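Visitor:
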Amino acid sequence: MRIKLLSVCFVFIQLSFSQTPITSGIDWSVSNLTSNNALNSPNTILYGPDNYLWITEREGKKVVKVNPQDGSITEMLDLTGAVFQSVTQDGLMGMAIHPDLYSNITTTNNYVYLVYTYDSDPTATENIKLRIARYTYNSGTGILNPGSATVIIDDIEAGSDHNSGKLTIGPDYKLYWTIGDFGANRSTRACTEIKSQYLPTTSSDYSVYKGKILRLNLDGTIPSDNPTLNSIKSHVYSYGHRNAQGIVFGSNGTLYSSEHGDKTDDEINIITSGKNYGWPLIAGYNDDKGYGYCNWSSYPSSCGSYDSNSCPGSYISEATSAAALTDFQPPIGTLNSTPDTEPTGSWLTWPTVAPASIAIYESGLIPGWEKSLLIPTLKTGTIFRTKLDASGLSLEDSTYEEFHSSDDRYRDIAIDPDGVTLYAITDNNSNTNPGVVMKIEYSGTTLSNSTIETTKLSLLPNPAKNEVKLNLGLDSSSFNIKIIDALGRTIKNKINIKSGYTLNTTHFLDGVYFVSAYNKINKTVITKKLIIQH
282 MRIKLLSVCF
292 VFIQLSFSQT
302 PITSGIDWSV
312 SNLTSNNALN
322 SPNTILYGPD
332 NYLWITEREG
342 KKVVKVNPQD
352 GSITEMLDLT
362 GAVFQSVTQD
372 GLMGMAIHPD
382 LYSNITTTNN
392 YVYLVYTYDS
402 DPTATENIKL
412 RIARYTYNSG
422 TGILNPGSAT
432 VIIDDIEAGS
442 DHNSGKLTIG
452 PDYKLYWTIG
462 DFGANRSTRA
472 CTEIKSQYLP
482 TTSSDYSVYK
492 GKILRLNLDG
502 TIPSDNPTLN
512 SIKSHVYSYG
522 HRNAQGIVFG
532 SNGTLYSSEH
542 GDKTDDEINI
552 ITSGKNYGWP
562 LIAGYNDDKG
572 YGYCNWSSYP
582 SSCGSYDSNS
592 CPGSYISEAT
602 SAAALTDFQP
612 PIGTLNSTPD
622 TEPTGSWLTW
632 PTVAPASIAI
642 YESGLIPGWE
652 KSLLIPTLKT
662 GTIFRTKLDA
672 SGLSLEDSTY
682 EEFHSSDDRY
692 RDIAIDPDGV
702 TLYAITDNNS
712 NTNPGVVMKI
722 EYSGTTLSNS
732 TIETTKLSLL
742 PNPAKNEVKL
752 NLGLDSSSFN
762 IKIIDALGRT
772 IKNKINIKSG
782 YTLNTTHFLD
792 GVYFVSAYNK
802 INKTVITKKL
812 IIQH
């Protein structure tokens, strides 16, 4: 195992020389499922409920799916007429699949949610906005119905940089959406003020949603249990963010996020309702190391000549900033990007790695991984792995394994339910494997799974109406289930669940089903009949 020990020299070498893909350990195989540039700026990859890889193309403006067996590509939705794309961080971005999709053979809740930028007024300037739209999935054709578009929320300002744009649905059936700071106070936007610390003044005030993580009902309304901030209840769930491009829930309901630092302090955060994550007053920890806030936008005569290595006025220390903050929440890790002094030079020499996403591994099959976070990066051509402690609330030892490295920009990652296969997508400006789906598969000895005794699997009640509880003999054994209807069609998959799991059967049609419980290497250990009678 190689541990990432960042230094200025290391970062420069890694970025300057082409690499053959390297994966930690000899028990891994790496292959490309697709040819180079088969995808047009892929942004988000999910393991779909039909056992295909569902992908959004930011510049291609399409949702496609890739067969993990042969790499064939199927177009699911073309949004060319709806999506506006012109710069490096706009277009079609995040995607979330409704948890009930594939849980029935009707169309109830067969929804997919998409985030994209659109042109709200072609005749005006500063007219690019953000939207979440919902589309209906057709299980018969395997595609999304282009005529089913339902706007969930829109008319939210977009930027030319740092749109973030990642989306997920939580166990509470709420939408969680990351919006960045639009690259304010730096480079060509140095004269624009960062609004990450600003809070809405009314419940309909979308003007300061930048630099936030939002929480929405599935119809776009404000959840009644959202935090009250500045005496206002809005979509804002947490604030003080720079560019959170990764967001994922663990099986225990913990929400993890990865976030780009500027010159220092990439962050791994646990997102908590109502908390302030510091930006731009604090980057990373409140430690006064390597970072001081230079508010270029407050110097109008100088901000047009932005220089990352100077400040036209005074830097504001983190210690000074902390006194003005309430509810500050520090990260659980910074990917070794917190230097003692402020780095100089260009972005090549800065210790940041540009985390583009985040995934959580909880399958328990790969030795030494246990519960781990996987963080694909853009700057260092690496997928990092770091282990969580047993609670999942902190890192075990703050080390970052360089799990996989190449001369590529890794945009997002998905984990196969088999627990031993990962899929990564790369940007089209990667040097070695541009615009591909990469398959990274563990072939070594897996950790043993506890045997589920067939006599101790029960479905209660059975017949069931709106829910059924699955009980197995070993409470500590995590397992997967597959629900199959009387025609042999798989209508629902759930992974990494525990004994006592309650399956929602509200949307199941009356009839006979089969529940197959299987361990994490897809070996079916028992199947029992389930009858639904509403």
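The sequence shown lines up with residues 282 to 815 when you count with my numbering.
We treat Cβ as the ideally placed atom computed from N, Cα and C, and that holds for glycine.
Small disclaimer: the values here were computed from a predicted structure and weren't measured.
1. Quick check on DSSP: helix, strand or coil for Pro427?
2. Just confirm the distance between the C-beta atoms of Ile434 and Gly501, as a whole number of angstroms; I'd bet it's less than 8 Å.
3. If I follow the unbroken beta strand (DSSP E) through Ser538, where does it start and stop?
4. So the candidates are Lys810, Tyr681 and Ser724; which of them puts its Cα closest to the Cα of Leu738?
5. Identify every run of the beta strand (DSSP E) within the region 379-419, keeping only runs that are complete inside it and at least 3 residues long; order them along the chain.
6. From the DSSP secondary-structure annotation, give me the bridge partner or partners of Ser519.
7. Less than 8 Å separating the beta-carbons of Tyr723 and Asp308?
8. Taking Tyr642 as the reference, give the member of Val701, Ala377, Thr622 and Asp688 with the closest Cα.
9. Can you name, in chain order, every residue of its own chain whose Cβ lies under 6 Å from the Cβ of Gly423, other than the five neighbours on each side?
10. In whole angstroms, what is the alpha-carbon distance linking Gly464 and Pro612?
11. When DSSP labels each residue in this structure, what does Arg467 get in the three-state scheme?
12. Determine which residues share a DSSP beta bridge with Lys514 and list them.
13. Does DSSP put Glu682 in a helix, a strand or coil?
14. Within the region 636-693, note down every full alpha helix (DSSP H) run reaching 4 residues or more, in order along the chain.
15. Using the C-alpha atoms, what's the distance from Ser485 back to Thr473?
16. Let me check understanding here. Comparing Cα to Cα, which of Ile778, Ile772 and Ser797 lies closest to Gly421?
17. If you run the structure through DSSP and keep just helix, strand and coil, what is Gly421?
18. Flag this pair as yes or no: are the beta carbons of His685 and Thr667 separated by less than 8 Å?
19. Here's the rule: buried if 16 or more other CB atoms are within 10 angstroms of the residue's CB, otherwise exposed. What is Asp506?
20. Using C-beta distances below 8 Å, list every residue in its chain close to Tyr580, excluding the 5 sequence neighbours before and after it, in chain order.
21. Report buried or exposed for His516, applying the criterion of at least 16 other Cβ atoms within 10 angstroms of its Cβ.
22. Measuring only the C-alpha atoms, how far is Tyr399 from Tyr799?
23. Measuring only between beta-carbons, confirm whether Thr771 sits less than 8 Å from chain B.
24. Quick check on Leu674: buried or exposed, where buried means 16 or more other Cβ atoms within 10 Å of its Cβ?
25. If I'm right that Ser759 touches Gly645 with Cβ under 8 Å, what's the distance once you round it to whole angstroms?
26. Thr713 and Asp850 - do their beta-carbons sit closer together than 8 Å?
27. Could you give the uninterrupted runs of the alpha helix (DSSP H) lying entirely in the region 598-635, keeping only those of 4 residues or more?
28. Just to confirm my understanding: we take His443, look at its own chain, exclude 5 residues before and 5 after, and list those with CB closer than 6 Å. What are they?
29. Is the CB-CB distance between Tyr487 and Asp436 below 8 Å?
30. Is it the case that the region 549-566 contacts the region 625-634, given that we only count it when at least three CB pairs across the two stretches are under 8 Å?
31. Buried or exposed, going by whether 16 or more other CB atoms sit within 10 Å of the CB of Asp371?
32. Opposite Phe795 in the DSSP bridges: which residues?
33. Going by the beta-carbon positions, is the gap between Ser322 and Gly341 smaller than 8 Å?
34. Inspect the beta-carbon positions of Val396 and Trp335 and report whether they are closer than 8 Å.
35. Give me the Cβ distance between Ser441 and Thr545, rounded to the nearest whole Å; I'm assuming they're in contact under 8 Å.
Guide: The short version:
1. helix
2. 4 Å
3. Leu536 to Glu540
4. Lys810
5. 392-400 and 409-419
6. Ile494
7. yes
8. Val701
9. none
10. 21 Å
11. coil
12. Thr509
13. strand
14. none
15. 23 Å
16. Ile772
17. coil
18. no
19. exposed
20. Pro593 and Gly594
21. buried
22. 44 Å
23. In summary, chain B is missing from the structure at hand, where a single protein chain is found.
24. exposed
25. 6 Å
26. The requested residue 850 does not occur in the structure, where the chain is confined to residues 282 to 815.
27. 599-603
28. Gly461, Asp462, Phe463, Gly464 and Asn524
29. yes
30. no
31. buried
32. Ile765 and Lys810
33. yes
34. no
35. Actually they are not in contact, since the Cβ atoms of Ser441 and Thr545 sit about 23 Å apart, beyond 8 Å.
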